[in-house]
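Everything below concerns the one structure shown next.
Protein chains: 2
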Amino acid sequence: MVKLDFAKSADGLLPAIVQDAETGDVLMLAYINKESWSKTLETGKAHFWSRSRNKLWLKGESSGNVQLVKDIFVDCDQDTVVFKVEQLGGAACHKGYRSCFFRRVVDGELEVLGVPVFDPAEVYG
Amino acid sequence: MVKLDFAKSADGLLPAIVQDAETGDVLMLAYINKESWSKTLETGKAHFWSRSRNKLWLKGESSGNVQLVKDIFVDCDQDTVVFKVEQLGGAACHKGYRSCFFRRVVDGELEVLGVPVFDPAEVYG
């Protein structure tokens, strides 16, 4: 298994950038620990460490919006990775947008781009 | 100024993903604090907080490979940003590659993609 430098951060978490394998759009960023890294490599589905729930997190376990990992890139310091994925269900963001980065800085304010793909209230209950 | 949730991390640092504005390639990830965030907004040049040198870092201050920020996206939780940049000097990585993510996971090993744009020994002395 490819070794990452998990000791780099005090909490043993490293950032994983999730990019759409087809369009190159950045969909989200989440954190991985050793367990989620090995689960991702083993299953081909993006796994993270949920900082809010403090547990292993298979992305899409609630929403069904699983990310199939097509390619993985590792940075020069081995402390950040890029997962190139096929995003099932059309959206990565828990707010229903395709990308978590659905707001752009315009004249010092945040401008919303695009529309939600799903209604979070329906998906998460 | 757009407010980010710097309190989200114990050290007041948030990840900033740097993406090539033209190709969509992810070039690097670095960390911002309040000061580097406001410097980036003010100057249009990517500023980070260097965790190794523990100081404000204008990307390219040593190499000349400054990043001109064309667009900024903010995520749903306001704890991660994407800088879309024009990379001066052709390379973002201190190892001389265009992107810090110049290695791909292939059969459990890291495979180097592409060749360096510059020789780090010449640029950093």
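In order, the protein sequence lines correspond to chains A and B. Just so we're aligned, residue -12 is where the first sequence starts under the working numbering, counting upward by one. Just so we're aligned, residue -12 is where the second sequence starts under the working numbering, counting upward by one. Cβ atoms here follow ideal geometry from the backbone N, Cα and C, with glycine treated the same way.
Whose CA, out of the options, lies closest to the CA of residue i?
i          : options                              : result
A:Gln113   : A:Ser39, A:Lys21, A:Ala17, A:Arg90   : No information on residue 113 of chain A is available, as it lies outside the stretch -12 to 112 that chain A covers here.
A:His81    : A:Asp64, A:Ala33, A:Leu28, A:Asp106  : A:Asp106
A:Gly11    : A:Val69, A:Trp36, A:Glu96, A:Val99   : A:Val69
A:Met(-12) : A:Ala3, A:Thr27, A:Ala(-6)           : A:Thr27
B:Ser23    : B:Val13, B:Leu14, B:Asn41, B:Gln6    : B:Asn41
A:Ser39    : B:Lys(-5), B:Ser37, B:Ile59, B:Gly76 : B:Lys(-5)
A:Glu98    : B:Lys21, B:Ala3, B:Val61, B:Val13    : B:Val61
B:Ala78    : B:Ile59, B:Gly95, B:Pro2, B:Val102   : B:Val102
B:Asp(-2)  : B:Ala108, B:Ala8, B:Ser37, B:Ile59   : B:Ser37
B:Lys57    : B:Glu109, B:Gly112, B:Asp7           : B:Asp7
A:Arg91    : B:Gln65, B:Gly76, B:Phe88, B:Glu9    : B:Gln65
A:Cys63    : B:Gly95, B:Gly31, B:Arg85            : B:Arg85
B:Ser50    : B:Val104, B:Asp94, B:Asn20, B:Phe89  : B:Val104
B:Leu100   : B:Gly112, B:Leu0, B:Glu109, B:Cys87  : B:Cys87
B:Asp94    : A:Leu43, A:Gly31, A:Pro2             : A:Gly31
B:Tyr111   : B:Asn52, B:Leu14, B:Lys71, B:Val72   : B:Asn52
A:Val72    : A:Glu48, A:Asp(-8), A:Glu29, A:Ile4  : A:Ile4
B:Asn20    : B:Phe(-7), B:Ala33, B:Glu29          : B:Phe(-7)
A:Leu0     : A:Leu75, A:Ala108, A:Val13, A:Leu43  : A:Leu43
A:Gly83    : A:Ala33, A:Leu14, A:Leu(-9), A:Ser25 : A:Leu14
A:Lys(-10) : B:Glu96, B:Ala108, B:Glu109          : B:Glu96
B:Gly76    : B:Pro2, B:Phe89, B:Phe35, B:Gly47    : B:Gly47
A:Phe89    : B:Glu109, B:Gln74, B:Phe89, B:Thr67  : B:Thr67
Between which two residues does the alpha helix (DSSP H) harbouring residue i extend?
i       : result
B:Lys21 : 21 to 30
Let's see if you can read the secondary structure: which residues bound the beta strand (DSSP E) around residue i?
i        : result
A:Pro107 : Element bounds for A:Pro107: not the beta strand (DSSP E) but the alpha helix (DSSP H), 107 to 111.
A:Glu73  : 68 to 74
What are the partner residues of residue i, as DSSP defines its beta bridges?
i         : result
B:Lys15   : It is Met, not Lys, that sits at residue 15 of chain B in the sequence shown. B:Val5, per the DSSP bridge assignment.
B:Lys42   : B:Ser37
A:Glu98   : A:Arg91
A:Leu(-9) : According to DSSP, A:Leu(-9) bridges with nothing at all.
B:Asp64   : None, per the DSSP bridge assignment.
B:Leu55   : B:Lys32, B:Glu73
8 Å is my cut-off, CB to CB: does residue i come that close to chain C?
i       : result
B:Glu73 : Absence of chain C from the displayed structure is noted, the protein chains being A and B.
Could you run through the region 49 to 63 of chain B and flag, in chain order, every residue whose CB is less than 9 Å away from some CB of chain A? Asp58, Ile59, Phe60, Val61, Asp62, Cys63
Interfacial residues, the region 80 to 92 of chain A to chain B, with Cβ spacing under 9 Å: Cys80, His81, Lys82, Tyr84, Ser86, Cys87, Phe88, Phe89, Arg90, Arg91, Val92
If the cut-off is 8 Å on Cβ atoms, which residues from the region 2 to 29 of chain A count as contacting chain B, listed in chain order? Pro2, Ile4, Gln6, Thr10, Gly11, Asp12, Val13, Met15, Leu16, Leu28
### Task
Select from the region 29 to 46 of chain A all residues with a C-beta closer than 8 Å to any C-beta belonging to chain B, and list them in chain order.
none
Against chain B: residues of the region -12 to 1 of chain A by CB proximity under 9 Å = Met(-12), Val(-11), Lys(-5), Ala(-3), Asp(-2)
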